[in-house]
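Chemist: Dropping the structure in here first, questions after.
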Amino acid sequence: MSTAEVPVYEWGDLPWRKLEQVVYKLQKRIFKASQRGDTETVHRLQRLLISSRAAKLLAVRKVTQDNRGKKTAGVDGVKNLTPRQRLQLAGTLSVTTKVQPVRRVWIPKPGKIERRPLGIPTMQNRAAQTVARLALEPEWEARFEPNSFGFRPGRSCHDAIEAVFHGICHMPRFVLDADIAACFDQINHSALLRKLGTFPTLRRVIRRWLTAGVWDGVDFKPTEAGTPQGGPLSPLLANIALHGLETHIRAAVPRVKQVNGCILWRNKPVVVRYADDFVVLHEVREVIEQVRQVAAEWLVDMGLELKPEKTRVCHTLEPDSGLSIGFDFLGFEVRQHRVGYHRSPGHQGFKTIIKPSKGAQKRHHQKTQELVRRHRTAPQSGLVAALNPVISGWSRYYSTVVSKLVFNRMDTVLHSQLRRWSRRRHPQKGAYWVAGRYWHTEGSRRWVFGRKGEARLRRYDETPIVRHVKVRGDASLYDGDLLYWASRLGRHPELPPSRANLLKQQRRRCTWCGLLFTTMDGLIEVDHKVPRSRGGTNMTHNRQLLHGHCHDAKTASDGTLTASEVPTTTAIHRGAV
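Here it is in structure tokens:
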């Protein structure tokens, strides 16, 4: 990393609250200008934001402190920076900085043999891409379609599932369940840059990022298409590439069609997209077949195509000419069922049921089974500590749909796995003795796994079912309504109840910096006011929620960092994976 004159102030002493306010005000102005179609003002404000010291400092903080993958090195081997090195990086940072190839890392796909390729840029390129994203995201958030949910701030899988529910709850429909083949790897660079339509300097830099090449082990491969997954800008570029698909599909189908005075349909198709997966809903099969052709033709211009083995037509209620009933989307099974023999006037005669898909249940069974096998010689408390986060995370993800029966079934399967685990440890003991050693009774609940006085195993059916409220289609984090987004964060289904209660007690503000928590804040961490190493307890009165970077600052001021936790700069061989 290039050297620069060391500033007279320290990293932890920077006025972070003021810097965030400066950047957010510029982003709001970009959002408003994009809404009214003032391209000249958008580009002028983006240049101002990209060159601002505040944006560079926030970008460096995000890639070095907030991101979960912050300790993954690029081809230069740098994966940790000290506070002084962060200041130096911010002082020399520019979006026009030298572009280096990305480092290829392969990660497994859940439940599949295939692996997903990630491209890890260098720390300097990651920070530069984050600055570019700070400038581009507000412009496109004002333009994105209302039913686009993937990789957008403030939107989640649960919003997409609610959009699907609203699209079919009043009428059974045919469904085009589509998947784009290798979307991130096949996007045409020229078509993407034309659609991006940004000012020349930024367009040239983004082109260099896209064509920088990949080091896969000791082999260098040029990138002639696609946006490498793993960079801060890649999700936004993929969304821009697919922007317009929903509008094009809906424009291709008239709202009302009549033939010889007979009305065939009265509605436009409903399109719900999450990243590169999308579904199209309509009551007429011919429209769905037409939409498949329209979508395939539109994708050709971006260098993309539908994946035949994952693209199919089905119906939500009844088999029609051999079509299957229901479909899976984002790990959920969506299907309708006939109900009632004597239907009263106005009664629909069907019920829409959304629940965890069989594939998701099978993958989760395999994960818990692997955890139990891995801890076959560990103490009971170690197994409980390993299983509890997995159980609570999975059950919270599916807590917004009809999951109660599935949760009961998951408890039964896990109980069987634990019975085998316990019997294996004591082959000479009887079942009654083994049950008494590892299970106990708490009140009216029997078969509680865990020793009395210690942490017990969570049950799936302890998670309450709470319906999710879909985000407003025209709402954006950059419209200035931060209270709306802070209140939505407190009701997010994947937020643990303990954190939701702390969030309510703190009035949705970080107690260190005083800023509102919103979904753009990234990592939110639980901090102990009095550290556990100094006698602090885990009770609610000793816990608080902080931003990830605020937690780092508070820990440093407490003097609780050990020598092994002090950031260092390490290097790896270019071909290492």
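Straight run, no breaks: the sequence shown in our numbering ends on number 579. Using N, Cα and C, we set each Cβ at its ideal position, and we do this for glycine too. Predicted model only: the values in this text are computed from it and were never measured.
1. Does the distance from the CB of Lys357 to the CB of Val404 come in under 9 Å?
2. Closest to His377 by C-alpha separation, out of Thr370, Leu385, Gln371, would be which residue?
3. When you compare the stretch 225-243 with the stretch 104-121, are there three or more beta-carbon pairs, one atom per stretch, that lie closer than 8 Å?
4. Among the residues of its own chain, which have a CB less than 7 Å from the CB of Leu416, if the five just before and after it don't count?
5. Excluding the 5 residues flanking Leu283 on each side, which residues of the same chain have their C-beta closer than 7 Å to its C-beta?
6. Output the distance between the C-alpha atoms of Leu479 and Arg135, rounded to the nearest integer angstrom.
7. Within 10 angstroms of its Cβ, does His172 collect 16 or more other Cβ (buried), or is it exposed?
8. Count the other CB atoms within 10 Å of the CB of Asn241; is the residue buried (16 or more) or exposed (fewer)?
9. Please give the ranges of any alpha helix (DSSP H) in the stretch 269-337, keeping only runs that are unbroken, at least 4 residues long and fully inside the region.
10. Consult DSSP for Leu459 and reduce its assignment to one of helix, strand or coil.
11. Taking only three categories from DSSP, how would you classify Leu21?
12. What number of angstroms, rounded off, separates the C-alpha of Ala92 from the C-alpha of Lys58?
13. If I follow the unbroken alpha helix (DSSP H) through Lys506, where does it start and stop?
14. Report the three-state DSSP secondary structure of Arg210 (helix, strand or coil).
15. On the DSSP bridge assignment, give the partners of Arg511 in chain order.
16. Which partner residues does Lys353 have in the DSSP bridge list?
17. State the CB to CB distance for the pair Arg314 and Asp221, rounded to an integer number of angstroms; the pair is presumed to be in contact (CB under 8 Å).
18. Can at least three beta-carbon pairs, one atom from the stretch 96-103 and one from the stretch 190-207, be found at a separation below 8 Å?
19. So the candidates are Gln48, Ile355, His191, Gln188; which of them puts its Cα closest to the Cα of Trp142?
20. Assuming Leu244 is part of the alpha helix (DSSP H), what are its boundary residues?
21. To which residues of the same chain is Arg55 closer than 6 Å at the C-beta, ignoring the five residues directly before and after it?
22. Enumerate in chain order the residues of its own chain whose CB-to-CB distance from Pro85 is below 8 Å, with the five nearest sequence positions on each side excluded.
23. Can you tell me the Cα-Cα spacing of Thr287 and Lys259, whole angstroms?
24. If the criterion is Cβ atoms closer than 9 Å, does the pair Asn410 and Arg460 meet it?
25. Which runs of the beta strand (DSSP E) at least 3 residues long sit entirely within the stretch 35-81? Give them in chain order.
26. Which residue marks the beginning of the alpha helix (DSSP H) containing His191, and which one marks its end?
27. To the nearest whole angstrom, what separates the beta carbons of Phe451 and Tyr440, a pair I think is in contact under 8 Å?
28. Using a 10 Å radius around the Cβ and a threshold of 16 neighbouring Cβ atoms, would you call Asp584 buried or exposed?
Modeler: This is what the structure gives:
1. yes
2. Leu385
3. yes
4. Thr370
5. Gly169, Ile170, Arg175, Val177, Pro271, Val272
6. 14 Å
7. exposed
8. Per the 10 Å Cβ criterion, buried.
9. 287-302
10. coil
11. Leu21: helix per DSSP, three-state reduction.
12. Near 6 Å, if we compare the C-alpha coordinates of Lys58 and Ala92.
13. 499-507
14. helix
15. DSSP lists Leu518 as the beta-bridge partner residues of Arg511.
16. His339
17. Between Arg314 and Asp221 the beta-carbon gap is near 36 Å, outside 8 Å, which marks them as no contact.
18. When Cβ pairs closer than 8 Å are counted between the two stretches, the stretch 96-103 is seen to touch the stretch 190-207, the count reaching three or more.
19. Gln48
20. 236-244
21. none
22. Glu12, Trp13, Gly14, Pro569
23. The residue you asked about is not Thr; residue 287 is Arg in the sequence shown. Approximately 14 Å, taken between the alpha carbons.
24. The criterion of a C-beta distance shorter than 9 Å is not satisfied by Asn410 and Arg460.
25. Runs found: none.
26. First-last of the alpha helix (DSSP H) with His191: 191-198.
27. 6 Å
28. This structure gives no information on residue 584, because the portion of the chain shown stretches from 3 to 579.
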